[in-house]
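In my numbering, the protein residues as written are 20 to 288. The beta carbon of each residue, even a glycine, is placed where N, CA and C say it ideally should be.
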DNA sequence: AGGATAGCCTGCGGGC
DNA sequence: TGCCCGCAGGCTATCC
C-alpha cells in the first residue's frame, strides 16, 4: 500500500532508467485508467525530471508535458527488461529509448491512474492544487491552521490529503503512537507543540522508511520487485491485540476516520 | 461547509 | 481440497 515512502522509492529507483531517456509507442490496454482520454500519453517525451508531491508522482518531459501517476493501493510503475513477462493487470506500456527496458504501469485494483497535462503548471494548478503541503515539508503551523476548529479525529485529519499530503493509514498510526496522541483526539484540540511532535515524528518515521525501502504489506513491492523492510519496525500498525512495545498494554483497535486504527490507550492520550 | 458514509476493485487468508 | 466471505484502503461522489 504505497504511502509517501513507497512512492519516493519508486521515484528514486526509476531515475536512472528514465532521466534523459525517451518514451515511445505507448500501448494502452485500459483507457479508463488514463485521464483525460485520448491524450498525448507522453509519446516521444524525453524525461527531464521526476517529481513527487505526497503520494503522487509526476514525470516531466523536455517539452513541458507532464504525466501524474497515482499508485492507489496496488499500482506499480516499473522499468523492466522487454524480456520480462508483463505483470498481470498491466494497463499501459512504453518503450524506453535507448533500450532495452519497457516502462509499465500495472494496477490490479485500479484505485490508481494516470493523468496527462500539457505543462507542470497545469498539473500544479489543478490536480495538485487540492493537496496540502508534502508530509516531509509540512510545519506545525500548517497543521494547526488547517485543523483550527475541526471536530473530527486527528487521525482523520492526517489522512486528508488536502491537510497534509503523503500520509496513509500505516504512518498515521505510527506517528500518533510516537507522539503519544490518541487517534481519536479532536484535530482542533491539538496544540502547536503537539503538532510539532507529530510533524517531527512523521518526518523521522517517513525518512527512515524511505531508507528501508518502504513498507511491504500485502501488495507493495519496489520497482525492482524487492520488498521493503520498514514494516519490521512498525510499533502499532498490524499489531492489534499484541502488547504495546513501551508499556505492555494490549493494543486497541477500532475504526477511526473509516480506517482500521491501532493504538495504545495507556501511552496515547 | 465540514464531516460522515458508500462505493470502487481484486487478491488473499481464515473458516468450514 | 475448495469455496465463500470478510477484509485491506486511497480517493471521489454523495448525502446530511
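Please work out which residues of its chain come closer than 8 Å, Cβ to Cβ, to residue i, disregarding the five sequence neighbours upstream and downstream, and give them in chain order.
| i | result |
| --- | --- |
| residue 245 | Because the pLDDT of residue 245 is 48, which lies under 50, any placement of that residue in the model is unreliable, and the number read from its coordinates should be weighed accordingly. If we look at residue 245 and ignore the five residues flanking it on each side, its Cβ neighbours are 232. |
| residue 204 | 172, 173 and 288 |
| residue 210 | 163 |
| residue 45 | 60, 61, 62, 111, 112 and 113 |
| residue 139 | 70, 77, 79, 83 and 85 |
| residue 271 | 259, 281, 282, 283 and 284 |
| residue 18 | Only positions 20 to 288 of the chain appear in this structure, which leaves residue 18 out of reach. |
Out of the options, state which residue places its alpha-carbon closest to the alpha-carbon of residue i.
| i | options | result |
| --- | --- | --- |
| residue 161 | 150, 171 and 42 | 150 |
| residue 74 | 128, 273 and 28 | 28 |
| residue 70 | 255, 209, 31 and 57 | 31 |
| residue 102 | 159, 123 and 83 | 123 |
| residue 48 | 189, 193 and 133 | 133 |
| residue 256 | 40, 277, 266 and 195 | 195 |
| residue 21 | 186, 84 and 104 | 186 |
| residue 277 | 202, 121 and 54 | 202 |
| residue 35 | 54, 25, 115 and 106 | 115 |
| residue 50 | 265, 108 and 218 | 108 |
| residue 158 | 254, 92, 279 and 213 | 213 |
| residue 190 | 145, 131, 136 and 254 | 254 |
| residue 72 | 225, 154 and 43 | 154 |
| residue 121 | 55, 33, 200 and 81 | 33 |
| residue 54 | 88, 143, 267 and 23 | 88 |
| residue 179 | 52, 267, 225 and 275 | 275 |
Roughly how many whole angstroms lie between the Cα atoms of residue i and residue j?
| i | j | result |
| --- | --- | --- |
| residue 126 | residue 90 | 7 Å |
| residue 252 | residue 282 | 15 Å |
| residue 182 | residue 165 | 6 Å |
| residue 128 | residue 97 | 17 Å |
| residue 65 | residue 37 | 8 Å |
| residue 41 | residue 67 | 9 Å |
| residue 86 | residue 263 | 43 Å |
| residue 223 | residue 152 | 16 Å |
| residue 169 | residue 175 | 10 Å |
| residue 206 | residue 258 | 24 Å |
| residue 227 | residue 105 | 31 Å |
| residue 177 | residue 147 | 17 Å |
| residue 57 | residue 136 | 12 Å |
| residue 130 | residue 25 | 16 Å |
| residue 141 | residue 273 | 40 Å |
| residue 241 | residue 200 | Bear in mind that a pLDDT of 42 at residue 241, under 50, signals an unreliable position, so the model cannot answer this. |
| residue 144 | residue 267 | 48 Å |
| residue 43 | residue 184 | 31 Å |
| residue 117 | residue 193 | 42 Å |
Could you tell me which residues DSSP puts in a beta bridge with residue i?
| i | result |
| --- | --- |
| residue 188 | The partner list for residue 188 (beta bridge, DSSP) is empty, contrary to what the question assumes. |
| residue 54 | 134 |
| residue 69 | 78 |
| residue 43 | 114 |
| residue 262 | 269 |
| residue 274 | 279 |
Report all residues from its chain with a CB closer than 7 Å to the CB of residue i; omit the five preceding and five following residues, and keep chain order.
| i | result |
| --- | --- |
| residue 119 | 100 and 101 |
| residue 269 | 260 and 262 |
| residue 167 | 207 |
| residue 216 | 198 |
| residue 218 | 157, 158, 159 and 162 |
Closer than 6 Å by C-beta to residue i: which residues in its own chain qualify, once you throw out the five before and the five after it? Chain order, please.
| i | result |
| --- | --- |
| residue 197 | 220 |
| residue 265 | 286 |
| residue 92 | 20, 128 and 130 |
| residue 188 | 278 |
| residue 368 | Here the chain covers residues 20 to 288 and nothing more, so residue 368 does not appear. |
| residue 39 | none |
Just to confirm, does residue i get its C-beta within under 7 Å of one of the non-hydrogen atoms of the ligand FAD?
| i | result |
| --- | --- |
| residue 98 | As for the ligand FAD, it is missing from this structure, which has no ligand bound. |
Restricting to runs no shorter than 3 residues, where is the beta strand (DSSP E) found entirely within the segment 82 to 155?
Counting only runs of 3+ residues, the beta strand (DSSP E) found wholly inside the segment 82 to 155 occupies 85 to 89, 95 to 100, 109 to 116, 120 to 125 and 132 to 136, in chain order.
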